[in-house]
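Enquirer:
If you want it as structure tokens, here you go:
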């Protein structure tokens, strides 16, 4: 608990106190979109916090599904998973941006009971997830629904709409999977500032409250989630930089990712399924007739195993009980921690492999690893921690971070650092590309000769590629029709740009490919390469420059393509001064106005000037100059053989489908709310009429019996409406309005029974405070004796009225309507306070004392001054009490409104 408080305070000081927002509504979120659950962190001016869901939980199940044609999310969807596995979807992110093949669901599930089916989407060369025989959804649509849920939840928590975000992803996500997630976020109405590797988001969180000026730190982050495991080696460094125009330096930290390894098919779910398999064996022994391969039985076991695994993390054994698991047969079993460990030996060995590969690939020595931070839900298993400690030869593992929220916190911080409206602690993340990207240039007219095409590094923040002596590939073999270049190698820094330059006189294509898995990424077809002619006067072959951007999300795109040519053009000549003319003006000329408003003299001068300029132009020598220009080239993109992103048309179609589903959800929520309101009113009112002392006191038996009969009628109507599946929201609303109207008589009496004593006490309190105020008010108030008497009489009248009503209320029959309501009392209070305020405005202005009066005052006795001052202090204190306890302007308006209600009644 103390550790979590420290983490929160550190985040607060790093982000909140060092945070400047240009708008009050500036907010960003970080989304840790896990396979099993998602977490959301929010940054807004003055706050850095975890978003809570409707159940006040800090993590939410990543599930979407349907039950009886009603769309459900998260825990609601998860609760009906076993009852409708065909239409409840889990692990949806794993289906983003992948191609269809037979057995895909079983392969991705890897033992998990995924009950839905997929089919081939031939339009985009990806999978389509089946809802029924007629309806299917893309993985982007289902993920978009889940992300829209995230957006709505965060906006409701923050009290304002939120769009900007960063989303965590597994490091092994391909470019197609990353693009599909961005498409899904767009469907959700989110503006993704960047994707970020989940394990490196934890590294950012680690750097938030630390400075590394004394020495650099090498830290390994080990993240085991529900479906995959990632290990990252990160180097932390800090240095001071001079702020321009300011004497004080600023500290800048760098988070440099050196290497990442992973196992995309090893996570907490795999350990769950080990226990499920063991329980199935026990189930078969207890109930031989049980079909242990039934998906519904597997889901029920899996749900309980999650709780069992948590118990085994702190206890030596755990029990499980599931009622009526098979027909009417209950199932119960006990599993020990030792049994769990024995069953998981092969998984534990796999858990060490990514770490071993990381250490081998970087040649880092174990003694050079200062900290070994573990995060993620899967790491809570004790024997996994012990295996890591044994391999690292450490007594303990480091747990400085909140293992559940470190990723979402880091993503939120990263999002804030990418905006223009937040200023946070300067931490530079240097993340890396994990899959190489090649570009193949296809052109039938590549120019022969030496060095006529080369790859150039144009833009990096610190020219890191050149510092690492990266070899710049060139095209230098003449007569080639195609050439393949390694555009971005493994471990290239994200967020850089490279430009491929070569000569070509015709259009060409650029084929991007991931050579590691031979996966085509995109094909850019470039056209309108300029040719010599009327528009461009040049000779030679255009030099082509194609600029590729490796975004911070890990996606390679062609940013622009240009053709560089050297054109011949006429050298610009200085323009003659039109205000100077050699023609002399005829002094005695007669000026006549022509039809177009000009004068004959003006027309003659213009004609003379034109002739003279023409003569001068003929005598000029035309000079040509050479100028190098760049002509933008048009390009289109195709995804031959690869997964296509959502086109504009498909995006609009999908967005419309999701909007319609949202509208159906809103109607269902309103219907359910009105239905619940009616049902709650019936049961609560019946209960009050039966046992509530105030309701019994404020009604007769006959009135209660009549109201109960009406409530029973409404209850019968509600039962019929439920049986007939009545979905007319207005009918429920009308029934509630009618039954409330019939109950108003008793309800209003109860309200007056509760409100009248309080209102009388409030009025009496005001009277008690103003009476001493006016006892000696004539000295300080600029009022006449008649006005003073009129006010004091009014105060006494109100005081007498209060006493009368108090006595009347004690003897009143509350089963009948009271003669005096709380509205009457509030109006009395309002009227009295208005009168007092008007009187207090007539306070005497202080008179500046003359010199003679000052001398007299100096001679007055000390006892007299003290006496007067004491009386004045008492009066001022009484006046202040009245003013403090008096009604505000808003209250006065309320009194006026109440009085209007009183008049209407």
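Numbering (full-length UniProt numbering), first residue to last: 1 to 905. Cβ coordinates follow ideal geometry from the N, Cα and C atoms, glycine included.
How about residue 335 and residue 317: do their beta carbons lie closer than 8 Å?
Expert: Residue mapping note: residue 335 aligns to position 335 of the chain shown, counting from 1. Residue mapping note: residue 317 aligns to position 317 of the chain shown, counting from 1. Contact: yes.
Enquirer: Using three-state DSSP, classify residue 144 as helix, strand or coil.
Expert: Counting from one through the chain shown, the residue named residue 144 turns up at place 144. Residue state, collapsed to three classes: helix.
Enquirer: Looking at C-alpha atoms only, which residue of 156, 157, 132 and 128 is the closest neighbour of residue 143?
Expert: Taking the first residue of the chain shown as 1, we reach residue 143 at position 143. It is 128 whose Cα lies nearest to the Cα of residue 143.
Enquirer: Under a three-way DSSP split, which group does residue 222 fall into?
Expert: Position 222 of the chain shown, counted from the start, is the residue given in the question as residue 222. In this structure, residue 222 counts as strand in the three-state DSSP scheme.
Enquirer: How do the segment 632 to 647 and the segment 525 to 533 stand: do at least 3 beta-carbon pairs fall below 8 Å, yes or no?
Expert: Yes, they touch.
Enquirer: Under the three-state reduction of DSSP, which class applies to residue 58: helix, strand or coil?
Expert: Numbered from 1 along the chain shown, position 58 holds the residue referred to as residue 58. Three-state result, residue 58: coil.
Enquirer: Within 10 angstroms of its Cβ, does residue 346 collect 16 or more other Cβ (buried), or is it exposed?
Expert: Translated into the one-based positions of the chain shown, residue 346 becomes position 346. It is exposed - the Cβ of residue 346 has fewer than 16 other Cβ atoms within 10 Å.
Enquirer: If you compare alpha carbons, which of 841, 398 and 769 is closest to residue 783?
Expert: Residue numbering aside, residue 783 sits at position 783 when the chain shown is read from its first letter. The candidate whose alpha carbon is nearest that of residue 783 is 841.
Enquirer: Within the same chain, show all residues whose beta-carbon is closer than 6 Å to that of residue 319, passing over the 5 residues directly before and after it, in chain order.
Expert: Numbered from 1 along the chain shown, position 319 holds the residue referred to as residue 319. Taken in chain order, the residues that qualify are 334.
Enquirer: Given a threshold of 16 other Cβ atoms within 10 Å of its Cβ, counted over all protein chains shown, does residue 39 qualify as buried or as exposed?
Expert: Counted from its first residue, the chain shown places residue 39 at position 39. Classification for residue 39: buried.
Enquirer: Please state whether DSSP places residue 398 in a helix, a strand or coil.
Expert: Residue 398 sits at position 398 when you count from the first residue of the chain shown. Note: residue 398 maps to strand in three-state DSSP.
Enquirer: For the putative contact between residue 62 and residue 36, defined by C-beta atoms under 8 Å, what is the C-beta separation to the nearest angstrom?
Expert: Walking along the chain shown from the start, residue 62 turns up at place 62. Walking along the chain shown from the start, residue 36 turns up at place 36. Yes, residue 62 and residue 36 are in contact; Cβ-Cβ is about 6 Å, under 8 Å.
Enquirer: Counting C-beta neighbours from all protein chains within 10 Å, is the total for residue 342 16 or more, i.e. buried, or is it exposed?
Expert: Taking the chain shown and counting its residues from 1, one reaches residue 342 at position 342. So residue 342 ends up on the exposed side.
Enquirer: Please confirm whether residue 60 and residue 643 have their CB atoms less than 8 Å apart.
Expert: The sequence position of residue 60 within the chain shown is 60, counting from 1. The sequence position of residue 643 within the chain shown is 643, counting from 1. No.
Enquirer: Should the segment 680 to 698 be regarded as contacting the segment 734 to 752, the criterion being three or more beta carbon pairs within less than 8 Å?
Expert: yes
Enquirer: What do you reckon, are the CB atoms on residue 313 and residue 381 nearer than 8 Å?
Expert: Residue numbering aside, residue 313 sits at position 313 when the chain shown is read from its first letter. Residue numbering aside, residue 381 sits at position 381 when the chain shown is read from its first letter. Result yes, Cβ atoms of residue 313 and residue 381 sit closer than 8 Å.
Enquirer: Give me, in chain order, the residues of the same chain whose beta-carbon lies closer than 7 Å to that of residue 360; leave out the 5 immediate sequence neighbours on both sides.
Expert: One-based indexing of the chain shown puts residue 360 at position 360. So the list is empty, once near-sequence residues are dropped.
Enquirer: Quick one: what's got a C-beta closer than 6 Å to residue 172's C-beta in the same chain, skipping five residues either side?
Expert: Within the chain shown, residue 172 is the residue found at index 172, counting from 1. These residues qualify, in order along the chain: 262 and 264.
Enquirer: Which partner residues does residue 526 have in the DSSP bridge list?
Expert: Reading the chain shown from its first residue, position 526 is the one you call residue 526. In the DSSP output, where bridge partners are listed per residue, residue 526 has 508 and 635.
Enquirer: Here's the rule I'm using: 16 or more other beta-carbon atoms within 10 Å means buried, otherwise exposed. How should residue 396 be labelled?
Expert: Numbered from its first residue, the chain shown carries residue 396 at position 396. Looking at its Cβ environment, which holds fewer than 16 other Cβ atoms inside 10 Å, residue 396 is exposed.
Enquirer: To the nearest angstrom, report how far apart residue 747 and residue 695 are at their CA atoms.
Expert: In the chain shown, counting from the first residue as 1, residue 747 sits at position 747. In the chain shown, counting from the first residue as 1, residue 695 sits at position 695. One alpha carbon belongs to residue 747, the other to residue 695, and they sit about 8 Å apart.
Enquirer: From what residue to what residue does the beta strand (DSSP E) around residue 567 run?
Expert: Counted from its first residue, the chain shown places residue 567 at position 567. Start and end: 556 to 570.
Enquirer: Report the start-end ranges of each beta strand (DSSP E) in the segment 118 to 204 that is 3 residues or longer and not cut off at the edges.
Expert: 118 to 121, 126 to 130, 136 to 138, 164 to 169 and 191 to 197
Enquirer: Step through the CB atoms of chain D and report whether any lies within less than 8 Å of the CB of residue 565.
Expert: The chain labelled as chain D is not found in the depicted structure, where only one protein chain is given.
Enquirer: Where does residue 260 fall in DSSP's three states?
Expert: Walking along the chain shown from the start, residue 260 turns up at place 260. In this structure, residue 260 counts as strand in the three-state DSSP scheme.
Enquirer: Where does residue 349 land, buried or exposed, given buried means 16+ other C-beta within 10 angstroms?
Expert: Start at 1 with the first residue of the chain shown, and residue 349 comes out as number 349. Under this definition residue 349 is an exposed residue.
Enquirer: How many angstroms separate the CA atom of residue 204 from the CA atom of residue 198?
Expert: Numbered from 1 along the chain shown, position 204 holds the residue referred to as residue 204. Numbered from 1 along the chain shown, position 198 holds the residue referred to as residue 198. About 10 Å.
Enquirer: Tell me the rounded alpha-carbon separation between residue 665 and residue 326.
Expert: As a first step, residue 665 is located in the chain shown; it is residue number 665 there, counting from the start. As a first step, residue 326 is located in the chain shown; it is residue number 326 there, counting from the start. Here the alpha carbon of residue 665 sits roughly 34 Å from the alpha carbon of residue 326.
Enquirer: Could you tell me the alpha carbon to alpha carbon distance between residue 559 and residue 52, rounded to whole angstroms?
Expert: Locating residue 559 in the chain shown gives position 559, counting from the first residue. Locating residue 52 in the chain shown gives position 52, counting from the first residue. In a straight line, the C-alpha of residue 559 is about 39 Å away from that of residue 52.
Enquirer: Using the Cα positions of residue 941 and residue 54, report the straight-line distance between them to the nearest angstrom.
Expert: The question about residue 941 has no answer, for the chain in this structure spans 1 to 905.
Enquirer: Determine the burial state of residue 420: buried for a count of at least 16 other Cβ atoms within 10 Å of its Cβ, exposed for fewer.
Expert: Numbered from its first residue, the chain shown carries residue 420 at position 420. With fewer than 16 other Cβ atoms within 10 Å, it is exposed.
Enquirer: Measure the alpha-carbon distance for residue 912 versus residue 73 and round it to whole angstroms.
Expert: As shown, the chain starts at 1 and ends at 905. That puts residue 912 outside it, with no answer to give.
Enquirer: With DSSP run on the structure shown, which of helix, strand or coil describes residue 448?
Expert: Taking the chain shown and counting its residues from 1, one reaches residue 448 at position 448. For residue 448, the pLDDT reaches just 38, beneath the cut-off of 50, and the residue's location in the model is therefore unreliable, although a value from the coordinates is still provided. Residue state, collapsed to three classes: coil.
Enquirer: Taking the C-alpha atoms as reference points, what is the distance between residue 155 and residue 761?
Expert: By 1-based counting over the chain shown, the position of residue 155 is 155. By 1-based counting over the chain shown, the position of residue 761 is 761. For residue 155 and residue 761, the distance between alpha carbons rounds to 43 Å.
Enquirer: When the Cα atoms are used, what is the spatial distance from residue 680 to residue 672?
Expert: On the chain shown, residue 680 is found 680 positions in, with the first residue counted as 1. On the chain shown, residue 672 is found 672 positions in, with the first residue counted as 1. C-alpha separation (whole angstroms): 12 Å.
Enquirer: For the beta strand (DSSP E) holding residue 66, just list the boundary residues, first then last.
Expert: Your numbering for residue 66 matches position 66 in the chain shown. Counting along the chain, the beta strand (DSSP E) containing residue 66 begins and ends at 64 to 67.
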